[in-house]
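Okay, so here's the structure we're looking at.
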Amino acid sequence: MIEQIQKIEEEITAFKFNIASDVEKFRIHFLGSKGLVKGLYALLREVPNQEKKMFGQKINDLRTAAENKLNGAHITSVKKEDHKVKEDITKPVGESSLGSHHPLSIIKREIVDIFNKIGFSISEGPEIEDDWHNFSALNFPPEHPARDMQDTFFIQKGEEEIALRTHTSSVQVRVMENNRPPIRTISPGRVYRNEAISARAHCFFHQVEGLYIDEDVSFADLKQTLLYFAKEMFGDKSEIRLRPSYFPFTEPSAEVDVSCTICNSKGCNVCKYTGWLEILGCGMVDPNVLNASGIDSKKYSGFAFGMGIERIAQLKYKVNDLRIYSENDIRFLNQFKSEG
Ligand code: DAH
1 MIEQIQKIEE EITAFKFNIA SDVEKFRIHF LGSKGLVKGL YALLREVPNQ
51 EKKMFGQKIN DLRTAAENKL NGAHITSVKK EDHKVKEDIT KPVGESSLGS
101 HHPLSIIKRE IVDIFNKIGF SISEGPEIED DWHNFSALNF PPEHPARDMQ
151 DTFFIQKGEE EIALRTHTSS VQVRVMENNR PPIRTISPGR VYRNEAISAR
201 AHCFFHQVEG LYIDEDVSFA DLKQTLLYFA KEMFGDKSEI RLRPSYFPFT
251 EPSAEVDVSC TICNSKGCNV CKYTGWLEIL GCGMVDPNVL NASGIDSKKY
301 SGFAFGMGIE RIAQLKYKVN DLRIYSENDI RFLNQFKSEG
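Numbering (my numbering), first residue to last: 1 to 340.
As structure tokens, then:
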């Protein structure tokens, strides 16, 4: 019995794992239900009673040694095989799948291109803003509800309270502070609002702001610029309509609708059977805003407009749930492979 145990022990020590299948071979040979170690347990029955304990212990030790070797071997042998695959320099290279632009990037670029063509430059500003650029310089009275904690994310920086910008109109102020007219610029960027996330609202989204300041800029210039934009973006047959509205930073102000591209203004559930879709807000820059930014409102006038990129993307791609834009769902994103 003792020789048999020793012989198997030597065999275990001498065993070499060369390929992955050796691991399973080892297990069956030594530890399988008909393996050598199991066989020793069977022999234990014939051993005299007073020696049973001693032999039993030895067989247990042998089994543990075999198990330890098996566990260790598993790792090294698999590693070896991996290594071999890596070294196969003749293996043909697999096709790598191409990514796609995000739909919001595609739309942003389209908007930027449309305005570039008529001489608008691009300007950007910080997403972390102060009260002056986001509200005060834009003629928001101190008690205006948009300053409310419920709409704006505030950050306490020492004594100072700073905010995540709630709109890209803040960039208007920065551009006017740092440039002299004529100014013709658009500012794309991300904005933040303290909203509960749902299909129709999100705590962050994207806007493009437009600003044109010069001598004798009129409401007619604004209307013509927006009509040009609508035709470029939604097709030559598109029409726009302006509805009077209110924004603190423009006077007069308007909201702009484009004729429904989905039903050709015949009426459908997207345009709620009105034939029109709301796309942006706009107006003539309030003289208070010009003066606050150091531009002489007696000499210069201008117009501004702001639109949501998600809104335009929704109309172009018929995506009604805002949340999907930031969920990184590859099935959604893959659909934009051929665009942009
Ligand atoms: N800032 C506005 C918003 O976030 C959008 C806007 C409206 C921008 C009218 C403008 C404007 O420049 O003239 O809702």
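Think of the CB as a built atom: it goes at the ideal place given N, C-alpha and C, for glycine as much as any other residue. Nothing here was measured: the structure is a model prediction, and the numbers come from that model.
8 Å contact criterion, which residue i and residue j should meet: CB distance rounded
i, j, result
"residue 215", "residue 266", "About 43 Å separates the two Cβ atoms, so there is no contact after all."
"residue 121", "residue 174", "Actually they are not in contact, since the Cβ atoms of residue 121 and residue 174 sit about 13 Å apart, beyond 8 Å."
"residue 59", "residue 23", "That belief does not hold up - the Cβ atoms of residue 59 and residue 23 are roughly 22 Å apart, past 8 Å."
"residue 171", "residue 209", "6 Å"
"residue 385", "residue 151", "This structure does not reach residue 385, given that the chain is present from 1 up to 340, and the question cannot be answered."
Near the ligand DAH: residue i beta-carbon under 8 Å from a heavy atom
i, result
"residue 97", "no"
"residue 152", "no"
"residue 173", "no"
"residue 189", "no"
"residue 209", "yes"
"residue 306", "yes"
"residue 185", "no"
"residue 167", "yes"
"residue 238", "no"
"residue 225", "no"
"residue 282", "yes"
"residue 293", "no"
"residue 229", "no"
"residue 247", "yes"
"residue 250", "yes"
"residue 105", "no"
Cβ pair residue i, residue j closer than 9 Å
i, j, result
"residue 163", "residue 154", "yes"
"residue 99", "residue 189", "no"
"residue 140", "residue 303", "no"
"residue 253", "residue 294", "no"
"residue 255", "residue 280", "yes"
"residue 277", "residue 260", "yes"
"residue 138", "residue 289", "yes"
Neighbourhood of residue i by C-beta distance below 8 Å, restricted to the same chain and skipping five residues each side
i, result
"residue 132", "173"
Close Cβ partners of residue i (< 6 Å) along its chain, the five nearest in sequence each way excluded
i, result
"residue 195", "201 and 203"
"residue 245", "253, 254 and 255"
Cβ-based neighbour list, residue i, same chain, cut-off 7 Å, excluding 5 preceding and 5 following
i, result
"residue 29", "35 and 36"
Taking only runs of the beta strand (DSSP E) that begin and end inside the segment 240-316, which ones reach a length of at least 3 residues, in chain order? 240-247, 250-259, 276-285 and 301-308
In chain order, which beta strand (DSSP E) runs of at least 3 residues are fully inside the segment 176-236? 183-192 and 204-214
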